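Take a look at the structure below.
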Amino acid sequence: MMSTSRHQERNRVALDAADHERVGGISRRTMLAGTVAATAVGTVAPIAGSACAQGGDPNSKQDMMAFLLLSAALTGVRVAILAPEFDRTDKPDILDADPGVDPINVKNDYFKWINASDGATFGKLLQIAKDHRQSAPDILNAVSASDDTRFLGRSIVLLWYLGSWYKPEDLKENSAPGTRALLESQVVSATAYTQGLVWQIVQAHPMGYSNLQFGYWSRLPLDPNDQNARSDLGFITQTLP
Amino acid sequence: MADNNCIKCDVAIVGSGFAGALIANELSPKGISVVILEAGPGVQPNINDYMKRFYKAAVKVPESAYPPELFADPGKLAAGRPTSATLGPKSWQDPKQSYLIQKGPRPFASTYDRVAGGTSHWLGTSLRFVPRDFTMKTSYGKNAANFPFPDWPKDITSQKLSTFYARAEAELGVSADVDEQRFLGIDFPKGYTYKMPRIPPSLLDQRIGEALAQLTEDETEFLGMGKPVTSVKVRSLPAARNSQPYRNRRACAGNTNCIPICPIQAKYDPTITLNEATNRGAKLIDHAVASEIIVENERVSQIKFIKYEKEAGPRTGEGCVEAKIYVIAANAIETPRLLLMSKNKGRTSKGVANSSDMVGRNLMDHPYYVAWGLLPPTAKPVFPYRGPLITSGIGDLCDGPFRAKRAAFRVDIGNEGWNFVVAGSAFGADPHVTTIDFVNGMNSGGLNAKDFNQLGKNNVALLGTDLAHKLNDLITRQFRLGFLVEQNPEPDNRVSLSSEFTDALGLPRPQITYDISEYTKQGFVAAFRMRKLIFDKMGARDFTHRPPDPASNSPGRFEETIDGNPVTLTYFGAGHIMGTYRMGDDPKTSVVDSFQRSHDHKNLYLVGSGTFPTGGTANPTLTLSALALRTADSIVGELRSQG
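Respectively, the protein sequence lines represent chains V and G.
Heads up, the first sequence is in my numbering, so the first residue is 1 and it goes up one at a time.
Heads up, the second sequence is in my numbering, so the first residue is 1001 and it goes up one at a time.
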């Protein structure tokens, strides 16, 4: 099928790009983007577990599940969308579930990125998610209780929605109600851009990355003629798995 | 004669964009040897690197998919270029940021790329000119003493260009419905069909078409069409974008990314023709910047070029090419730059091909009036960010008696919501800006106010499902219109050479003086009224920002009084660079003849939209392609007659 091969081709493009980034293709832009970002790019490559002692451990399934619960509460998007291979079979405690490994695996990149930018606060956020793992509203309340977790939480939402990193300190600085400003940002990776959730939330697709077929734009989203449509808003939910 | 180390060929072409590639591909199969000099990098093995560059760009401007580095000091680039990111209030006149040395009083707001394939970041719109676009003086200013438009040469009419348009439409692969494109007298031969069916209209196109189906004469009187207008048609735009597989390229999948790059090459770009030309024997030399056209005894005898390897330079070598015929196809800023740089040790002190003193003058664009709207909560969403960036437009209002007094406009309907720098403000593009606004309680885009967010208060910060649903509710009702306004040629709108600033090869950078005339501004006033009519009919709110707004120091802004109210209008660039080596029948007032051959040097052709005496409102690419094919025929004829 044409659609399948195209989809595979796109995935390959994205994966190749991601691989290239891991090999160390640090662009000049990355270099200019500041120390937090530069540090984070460095740590996308495998690192020793001890390096994140004060934050989360990306190799710990419990920490990863806590990150997914935190992310689901913050974004309003189902865990199964954030982690397509997520599996909870026979695990009464959600923290024991398997976050899974998927071909995109953007969750791992994001985990490491956030951990490298502010491990201490990230550790607090993971603890909040563990403590309130039954309730998205409780997670959100706890995240908003102090400035450090609130603004890192906002950075994490923007990371999932846009694939770009907006520094918590920039968000804090511009948080006076009604501020108008251009915030600096960095696209975390080519893959991150193509996985931005906001595009799905508005029933569209990342510009330059679509799985749809000729002519779909003259029909409403979810028209039965359009295969691969991913715009059913059922993925927006307050219910944690 | 010149030294013998020069590369020898029949035809030397400078520039591998639309015009250069099309001409090379016409000549090569006929046994004519062709060498093409390209200032930038060559054709890439595939587009993956350009796609990755686009995905990773924090600022996704039209140049973002292509080298060189977007924010480099243009004085340190071997083949620099103007970029959209350097048109801000602080950057447009800063030579450390802007490649063009802009002397004002207003900015020239269009940009271009210097890579093999040239204008690959185009939208694909492939409109023919309407007949009276070629005869502005005769049609609308016959008896006016200072009418600001000339006619095109008498051999270039809508009808005479028709067969060349057809050839260009076949080469580019244009999708359109011929019956839908018959308006304002556009001439198609009997039985003509486009190569592919039209691109279907978006939901927004359909909505606007319904809104304009029934109008009153009072509502449309301001247009000055000279006849009652009681409905306005929205038509699909002819586009070099496959609506079915064509020449081994697949059909458009609506990636909403025609500018800057189609990820599946469903949109034609000149590398396609360029690859065919090189397969047929044309030789492409990349990283080769033409630096001087050498003239001996009124004829061009060679072109010198500089080689470099890294995008920051330095020069690594030089060379020259000797041919029977020379073609400069380097766009309407780089072509005059090369002509003016070619002083031949003072023998051509005003530059090559410049006895008329018209080289570099009459720089034109389609100054672009952009308007952003939001449909009311009661309206059905239009679901933007889907489909090709633009699928339909309004062309029927671009010609009429009003052209005696004010500039014409043509309307683009944007399918990309508020992605085009949200509402004209300086805070970036959507969906990013609105997302940040609602995550952080900001209001850069304007939607986080209680009138629009429907949340009972201003500047809310949301998370979770509240955030997701609010963004869906608002962003699916966004839309954008663009009005391409005709600009009359003016000699003082001019490309010259900077005496102060050079690029990394030591060549003088282009210097620009530019303004827009009262005639053009009156086109904006009419566009403003048309915008208001469309928005009113749709019940849409206008989000085009006006003072007091941080964007009010935008260098492209100007004030007008419309119906007694002060209004600030801002123009953007359309990327349609035209006019700087105009064609004409009189060598005293033009640079090239109707075949785009220099009046001064019979073996020199200058091609591209720089030859347009007037710009109309159609995107120039199809017309410059048709003219390039006509030039190719002329070159073939001339070489045959030489034996």
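Cβ atoms here follow ideal geometry from the backbone N, Cα and C, with glycine treated the same way.
This structure is a prediction, so every number in the text was calculated from the model and none was measured.
| Query | Result |
| --- | --- |
| Contacts that R78(V) makes with chain G (C-beta to C-beta distance below 8 Å) | The contacting residues do not exist; R78(V) stays about 10 Å from chain G at best. |
| First through last residue of the beta strand (DSSP E) which encompasses I1285(G) | K1283 to I1285 |
| Nearest to C1398(G) (by Cα), restricted to the options G1575(G), F1183(G), N1565(G) and G1608(G) | F1183(G) |
| Cβ-based neighbour list, K124(V), same chain, cut-off 6 Å, excluding 5 preceding and 5 following | T149 |
| Alpha carbon of Y193(V) to alpha carbon of R1280(G), nearest angstrom | 39 Å |
| Interface partners of V187(V) on chain G, CB under 8 Å | Y1055, K1056, A1057 and A1058 |
| Interface flag, L162(V) vs chain G, CB-CB below 9 Å | yes |
| 8 Å contact criterion, which R1081(G) and Y1050(G) should meet: CB distance rounded | With 8 Å as the limit, R1081(G) and Y1050(G) do not qualify as a contact, their Cβ atoms being about 15 Å apart. |
| Chain V residues whose Cβ lies nearer than 8 Å to that of M1196(G) | Simply none; closest approach about 11 Å. |
| P1107(G) beta carbon less than 9 Å from that of P1555(G) | yes |
| Below-9 Å beta-carbon distance, A66(V) vs any chain G residue | no |
| Beta carbon proximity, V202(V) to chain G, threshold 9 Å | yes |
| Burial state of V1591(G) (16 or more Cβ within 10 Å) | buried |
| Contact between the segment 1632-1642 of chain G and the segment 1134-1146 of chain G (3+ Cβ pairs under 8 Å) | no |
| Closer than 9 Å at the beta carbon, the chain V residues around L1203(G) | W217, S218, R219 and L220 |
| L1463(G), buried or exposed, once every other Cβ within 10 Å from all chains shown has been counted against 16 | buried |
| Short-range partners of chain V found in the segment 1353-1383 of chain G, where Cβ spacing is below 7 Å | F1383 |
| DSSP bridge partner residues for V1607(G) (one or two, in chain order) | None, per the DSSP bridge assignment. |
| Cut-off 6 Å between Cβ atoms - residues of its own chain near Y166(V), not counting five sequence neighbours on either side | S155, L158, L183 and S185 |
| V1327(G) vs V1011(G) beta-carbon contact at 9 Å | yes |
| Distance between E1276(G) and P1270(G) (C-alpha atoms, nearest Å) | 10 Å |
| Between the CA atoms of Q1097(G) and G1185(G) - distance to the nearest angstrom | 45 Å |
| Separation of L1204(G) from D1586(G), as counted between CA atoms | 46 Å |
| Contact set between S1444(G) and chain V, taken where Cβ atoms lie within less than 7 Å | R180 and A181 |
| Residues near R1247(G) in its chain [Cβ-Cβ closer than 8 Å; skip 5 each side] | G1173 and I1272 |
| Listed by chain order, chain G residues near I236(V) by CB distance under 7 Å | T1465, A1468 and H1469 |
| Classification of N1493(G) by the beta-carbon crowding that lies within 10 angstroms, buried from 16 upward | buried |
| Whether D118(V) touches P177(V) by CB criterion (9 Å) | no |
| Neighbourhood of I1259(G) by C-beta distance below 8 Å, restricted to the same chain and skipping five residues each side | P1062, H1121, W1122, L1123 and L1389 |
| Alpha-carbon to alpha-carbon, L197(V) and G76(V) | 10 Å |
| Backbone secondary structure at A1058(G) - three-state DSSP | coil |
| Local conformation of V41(V) per DSSP, three classes | For V41(V), the pLDDT reaches just 38, beneath the cut-off of 50, and the residue's location in the model is therefore unreliable, leaving the point undetermined. |
| Residues of its chain near A1168(G), where Cβ-Cβ distance is below 7 Å and the 5 sequence neighbours each way are ignored | L1622, S1625, A1626 and L1629 |
| Span of the beta strand (DSSP E), counted from its first residue to its last, around I1208(G) | Per DSSP, I1208(G) belongs to no beta strand (DSSP E); it is in the alpha helix (DSSP H), L1203 to A1211. |
| Proximal chain V residues relative to H993(G), where beta-carbon distance stays under 9 Å | The shown model of chain G, from 1001 to 1643, leaves out residue 993(G), and the question about it has no answer. |
| Residue from A1574(G), L1505(G) and F1134(G) with nearest C-alpha to G1075(G) | L1505(G) |
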